[in-house]
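Asker: Protein chains in written order, with the working numbering: chain A, 9 to 121; chain B, 3 to 118. Where a beta carbon is used, it is the ideal one built from N, C-alpha and C, also for glycine.
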Amino acid sequence: RKEVEQDPGPFNVPEGATVAFNCTYSNSASQSFFWYRQDCRKEPKLLMSVYSSGNEDGRFTAQLNRASQYISLLIRDSKLSDSATYLCVVNGGGKTSYDKVIFGPGTSLSVIP
Amino acid sequence: EAGVAQSPRYKIIEKRQSVAFWCNPISGHATLYWYQQILGQGPKLLIQFQNNGVVDDSQLPKDRFSAERLKGVDSTLKIQPAKLEDSAVYLCASSPGQGWTNEKLFFGSGTQLSVL
Numbered sequence: 009r010k011e012v013e014q015d016p017g018p019f020n021v022p023e024g025a026t027v028a029f030n031c032t033y034s035n036s037a038s039q040s041f042f043w044y045r046q047d048c049r050k051e052p053k054l055l056m057s058v059y060s061s062g063n064e065d066g067r068f069t070a071q072l073n074r075a076s077q078y079i080s081l082l083i084r085d086s087k088l089s090d091s092a093t094y095l096c097v098v099n100g101g102g103k104t105s106y107d108k109v110i111f112g113p114g115t116s117l118s119v120i121p
Numbered sequence: 003e004a005g006v007a008q009s010p011r012y013k014i015i016e017k018r019q020s021v022a023f024w025c026n027p028i029s030g031h032a033t034l035y036w037y038q039q040i041l042g043q044g045p046k047l048l049i050q051f052q053n054n055g056v057v058d059d060s061q062l063p064k065d066r067f068s069a070e071r072l073k074g075v076d077s078t079l080k081i082q083p084a085k086l087e088d089s090a091v092y093l094c095a096s097s098p099g100q101g102w103t104n105e106k107l108f109f110g111s112g113t114q115l116s117v118l
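#1: Give the C-beta separation of Ala95 of chain B and Val21 of chain B to the nearest angstrom, bearing in mind that I take them to be a contact with Cβ-Cβ under 8 Å.
#2: Using a C-beta cutoff of 8 Å, does Pro16 of chain A count as contacting chain B?
#3: Pull up the CB-CB distance for Ala84 of chain B and Ile40 of chain B, whole angstroms please, since I reckon it's below 8 Å.
#4: Which residue wins for smallest C-alpha separation from Ser60 of chain B, given the options B:Lys73, B:Gly74, B:Trp36, B:Arg18?
#5: Whose CA, out of A:Thr93, A:Val109, A:Ile110, lies closest to the CA of Asp131 of chain A?
#6: Determine whether the beta carbon atoms of Tyr92 of chain B and Gly112 of chain B lie at a separation below 8 Å.
#7: Which word fits Asn73 of chain A, buried or exposed, when buried means at least 16 other C-beta atoms lie within 10 angstroms of its C-beta?
#8: Contact check, Ser86 of chain A vs Gly17 of chain A under 8 Å by CB: the rounded distance?
#9: Residues in its own chain within less than 7 Å of Tyr44 of chain A by CB, not counting five upstream and five downstream?
#10: Between the region 36 to 69 of chain B and chain A, which residues of the former have a C-beta closer than 7 Å to a C-beta of the latter?
#11: Strictly under 8 Å for the Cβ-Cβ distance: is Lys13 of chain B near chain A by that measure?
#12: In chain B, which residues lie less than 7 Å from Glu13 of chain A when you measure between Cβ atoms?
#13: Taking only the alpha-carbon atoms, compute the straight-line gap between Thr115 of chain A and Ala28 of chain A and give it to the nearest angstrom.
#14: Considering only the beta carbon of each residue, do Ser118 of chain A and Ser76 of chain A sit closer than 8 Å?
#15: Closest to Val109 of chain A by C-alpha separation, out of B:Arg71, B:Ile49, B:Asp76, B:Asp88, would be which residue?
#16: Following the continuous beta strand (DSSP E) through Lys13 of chain B, name the residue where it begins and the one where it ends.
#17: Here's a check: name, in chain order, each residue in its chain whose Cβ is nearer than 6 Å to the Cβ of Ser60 of chain A, leaving out the five neighbours to either side.
#18: Between which two residues does the beta strand (DSSP E) containing Gly42 of chain B stretch?
#19: Show which residues of chain B have a CB atom less than 8 Å away from the CB atom of Glu64 of chain A.
#20: Here's a check: name, in chain order, each residue in its chain whose Cβ is nearer than 6 Å to the Cβ of Thr69 of chain A, leaving out the five neighbours to either side.
Okay, structure coming up:
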């Protein structure tokens, strides 16, 4: 089993739609979770961290379920500018605090006019 | 604040040739990462440094790949000899490395390698 798995995608949605991405991780001792965004031919950039209590940033909501080892990202009222690849990232779970940061394969989103 | 600098931006070589990539992290960042991203896939960690020590290199193909971080600042990643399957974008990232697991990674623009 891969350490971090995501919905295979691609997701093609109309403007204004709500879209949800799912991610699962295999190491139950993992400590930190993130969503990164990667535009075509660009480097990944942090979108938001994911907390156990859930967190929201404008149109974006992230949720973490430690018991199920599951992370989600919800985008409401999709904009054309949201078109990108969304990467689920998991950190920690090893013996030291400097644990490797593992990226999922990414889910591609295209928002259509 | 200056970001993570990488060079070259693009590199085209023939198989069996050697190539080297350079990375200058954000000033003061203790942790430096090299990732390989093949088209259509997520970044795969090759090696992680904490200052000038290696934290993880379990996925580095050590028969052909090597990396060093002299004086805990700049880093170079070398491939010798290159294979066709090494064609990818090589991303360097850095983080403050204060010992927290929730640190944000800052990425450079990457080096796109094509092996012919």
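Answerer: Based on what the coordinates show:
#1: Contact doesn't hold; Cβ gap of about 20 Å is too wide.
#2: False, the Cβ-Cβ gap to chain B never drops below 8 Å.
#3: With a Cβ gap of about 14 Å, Ala84 of chain B and Ile40 of chain B do not count as contacting.
#4: Minimum Cα distance to Ser60 of chain B is reached at B:Trp36.
#5: With chain A covering 9 to 121 only, the question about residue 131 of chain A has no answer from this structure.
#6: Yes, Cβ-Cβ distance for Tyr92 of chain B and Gly112 of chain B is below 8 Å.
#7: Residue environment analysis places Asn73 of chain A among the exposed positions, since fewer than 16 neighbouring C-beta atoms fall within 10 angstroms of its C-beta.
#8: With 8 Å as the limit, Ser86 of chain A and Gly17 of chain A do not qualify as a contact, their Cβ atoms being about 14 Å apart.
#9: Taking C-beta separations shorter than 7 Å and ignoring five residues to either side along the sequence, the partners of Tyr44 of chain A in its chain run Pro52, Lys53, Leu54, Leu55, Leu95, Val97, following chain order.
#10: Listed by position, the residues of the region 36 to 69 of chain B near chain A (Cβ gap below 7 Å) are Gln43, Gly44, Pro45, Leu47, Gln50, Gln52, Val57, Asp58.
#11: Among the residues facing chain A, Lys13 of chain B is not included, as its CB has no counterpart in that chain under 8 Å away.
#12: The premise fails here: Glu13 of chain A is roughly 10 Å from chain B at the closest Cβ pair, so nothing lies under 7 Å.
#13: Pairing Thr115 of chain A with Ala28 of chain A, the inter-Cα distance amounts to about 10 Å.
#14: In this structure, Ser76 of chain A does not lie closer than 8 Å to Ser118 of chain A by Cβ.
#15: Nearest to Val109 of chain A by alpha-carbon distance, out of B:Arg71, B:Ile49, B:Asp76, B:Asp88, is B:Ile49.
#16: For Lys13 of chain B, the uninterrupted beta strand (DSSP E) run begins and ends at 12 to 15, by DSSP.
#17: If you ignore the 5 residues before and after Ser60 of chain A, its C-beta comes within less than 6 Å of the C-beta of Leu72, all in its own chain and listed in chain order.
#18: Unbroken run through Gly42 of chain B: none, as it is neither H nor E.
#19: Correct list: empty, because the minimum Cβ distance to chain B is about 18 Å.
#20: Same-chain partners within the cutoff: Leu82.
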